[in-house]
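Undergrad: Okay, handing you the structure first.
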Amino acid sequence: MACGIPTQKLRRLISPVAGLVVITPACGYVAATDSVLIGVAAGIVPFFACTKLKSWVGYDDALDTFGIHAVGGTLGAFLTGLFATAAVNPNLSLTVGGSLKPATQNGLARIVGHTLWIEQLKAIVIT
4 MACGIPTQKL RRLISPVAGL VVITPACGYV AATDSVLIGV AAGIVPFFAC TKLKSWVGYD
64 DALDTFGIHA VGGTLGAFLT GLFATAAVNP NLSLTVGGSL KPATQNGLAR IVGHTLWIEQ
124 LKAIVIT
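Right, dumping it as structure tokens:
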């Protein structure tokens, strides 16, 4: 029981918070149809992190902050690199100097080759 709220009722709050955590990195970079797919993943992956992973590893996390924020945030960063598109945010098509280049910074779901997804994976591993 946290703050007078039974644990089972508190678990109902996991999904909305996890959805916000996962979609936040992708805001302004993904299309609306892709955000639906991100929302589905946000409902599944953090839920299993808060239930199955916690019991499997055996860590103590009363408010499920690791499962929601660490796992959900990492998932959001990964899916941003997968679904980001220059059609939504034209800044993905610009070089550091500001000149326009072919849309090579789209997410993995858009093109094949060196993509934003690779850079996102590097950032996930580094942090």
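The sequence shown: position 63 = 66 (my numbering), numbered continuously.
Glycine included, each C-beta is placed from N, C-alpha and C at the ideal position.
If Tyr32 and Val91 are in contact, beta carbons under 8 Å, what's the gap, nearest whole angstrom?
TA: Translated into the one-based positions of the sequence shown, residue 32 becomes position 29. Translated into the one-based positions of the sequence shown, residue 91 becomes position 88. Contact holds; Cβ gap of about 6 Å.
Undergrad: Exposed or buried, which one is Cys30 when buried takes at least 16 other CB atoms within 10 Å?
TA: What you label residue 30 is simply residue 27 of the sequence shown in a count that begins at 1. Cys30 comes out exposed.
Undergrad: Would a C-beta distance cut-off of 8 Å place Val24 and Gly79 closer than the cut-off?
TA: Against the sequence shown, residue 24 aligns to sequence position 21. Against the sequence shown, residue 79 aligns to sequence position 76. Contact flag set, yes.
Undergrad: Using only the alpha-carbon positions, how far apart do Ser18 and Ala45 sit?
TA: Position 15 of the sequence shown, counted from the first residue, corresponds to residue 18. Position 42 of the sequence shown, counted from the first residue, corresponds to residue 45. Whole-angstrom Cα-Cα distance: 8 Å.
Undergrad: I need the DSSP call for Ala90, collapsed to helix, strand or coil.
TA: Reading the sequence shown from its first residue, position 87 is the one you call residue 90. Coil.
Undergrad: Tell me the start and end of each unbroken alpha helix (DSSP H) in the stretch 24-59 that is at least 4 residues and wholly inside, in chain order.
TA: You should have 35-51.
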